[in-house]
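A.B. asks: Protein chains in written order, with our numbering: chain A, 81 to 188; chain B, 12 to 131.
Glycine included, C-beta positions come from ideal geometry on N, C-alpha and C.
Provided herewith is a single structure, encoded as structure tokens, for subsequent inquiry.
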Amino acid sequence: AQRVTQPEKLLSVFKGAPVELKCNYSYSGSPELFWYVQYSRQRLQLLLRHISRESIKGFTADLNKGETSFHLKKPFAQEEDSAMYYCALFHAGNMLTFGGGTRLMVKP
Amino acid sequence: GAGVSQSPRYKVAKRGQDVALRCDPISGHVSLFWYQQALGQGPEFLTYFQNEAQLDKSGLPSDRFFAERPEGSVSTLKIQRTQQEDSAVYLCASSPRLAGPLRSSYNEQFFGPGTRLTVL
């Protein structure tokens with residue numbers, strides 16, 4: 081069965097410090113992985129997807145099939161990055177399986 | 012343009028009461044999804060519509076949960092005889108194109124603000 085694990089419920093860093101939000105997955109097929117973000121009092125929105133290999137708001141994520149990971153990274157955190165981050169696996173043609181989420185707090 | 016909207020935004024129900032949660036997807040979006048998000052957890056898939064057809068309801072936790080989308084636009088999630096464990100945020104999402112087993116690429120799901128259901 082498919083599963084997405086985000087081991088950290090809370091990650092607190094200072095502004096300007098590097099950030100890495102961990103995501104591990106379990107899936108027998110070829111994975112399609114995403115990061116979703118929810119800022120305070122806003123709705124859940126797509127941040128980035130592994131297929132596009134793009135950098136959004138300075139964030140990148142590399143799919144590592146050997147380690148079954150899709151960690152989200154940013155070299156220099158900003159206060160406006162504070163939010164809930166969810167890693168998600170797309171499968172079965174129509175289903176998203178989400179991890180439990182990590183709250184990122186960037187302190188001034 | 013307008014995004015996905017949900018109503019009510021907050022609902023308090025007494026245990027045993029029936030509730031109905033509404034989702035208005037983005038106009039023209041073919042696919043519609045319902046998720047349940049318990050406190051401190053990520054969203055969990057409940058059910059999926061393609062136009063008016065409910066193609067997957069494997070995530071519905073019990074037969075007290077029922078969803079419909081009769082005209083392929085607005086959808087209603089109904090919970091009968093609510094229990095305390097039903098307390099959660101219910102999220103609706105819509106997607107502009109078909110999503111099915113033959114499609115290997117993801118069609119972005121746009122989420123609504125959610126309905127927070129509290130069962131006392």
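Contact defined as beta carbons within less than 8 Å: I believe residue 98 (chain A) pairs with residue 156 (chain A). What is the distance between those atoms, to the nearest angstrom?
C.D. replies: About 7 Å; that satisfies the 8 Å criterion.
A.B. asks: Measure the C-alpha to C-alpha separation of residue 131 (chain B) and residue 47 (chain B) and round it to an integer number of angstroms.
C.D. replies: Using only the alpha carbons, I get a separation of about 18 Å.
A.B. asks: For residue 79 (chain B), would you say it is in contact with chain A, using Cβ-to-Cβ distances shorter than 8 Å as the test?
C.D. replies: By this cut-off, residue 79 (chain B) is not an interface position.
A.B. asks: So, residue 117 (chain B) versus residue 45 (chain B), is the Cβ gap smaller than 8 Å?
C.D. replies: No. Outside cutoff.
A.B. asks: Could you check the C-alpha separation between residue 19 (chain B) and residue 165 (chain A) for me, to the nearest Å?
C.D. replies: So the two alpha carbons sit approximately 25 Å from each other.
A.B. asks: Do the stretch 113-125 of chain A and the stretch 162-176 of chain A touch if we need at least three Cβ pairs shorter than 8 Å?
C.D. replies: Flag = yes, the stretch 113-125 of chain A and the stretch 162-176 of chain A touch.
A.B. asks: State the DSSP-derived secondary structure class of residue 143 (chain A), mapped to helix, strand or coil.
C.D. replies: Three-state DSSP puts residue 143 (chain A) in coil, outside helix and strand.
A.B. asks: By a C-beta neighbour count over all protein chains shown, 10 Å radius and 16 as the cutoff for buried, is residue 51 (chain B) buried or exposed?
C.D. replies: When all chains shown are included, residue 51 (chain B) counts as exposed.
A.B. asks: Specify the secondary structure class of residue 176 (chain A) as computed by DSSP and reduced to three states.
C.D. replies: Reduced to three states, the DSSP call for residue 176 (chain A) is strand.
A.B. asks: Would you verify that the beta carbon of residue 67 (chain B) is, or is not, closer than 8 Å to some beta carbon of chain A?
C.D. replies: Yes, residue 67 (chain B) lies at the interface with chain A (some Cβ there is under 8 Å from its Cβ).
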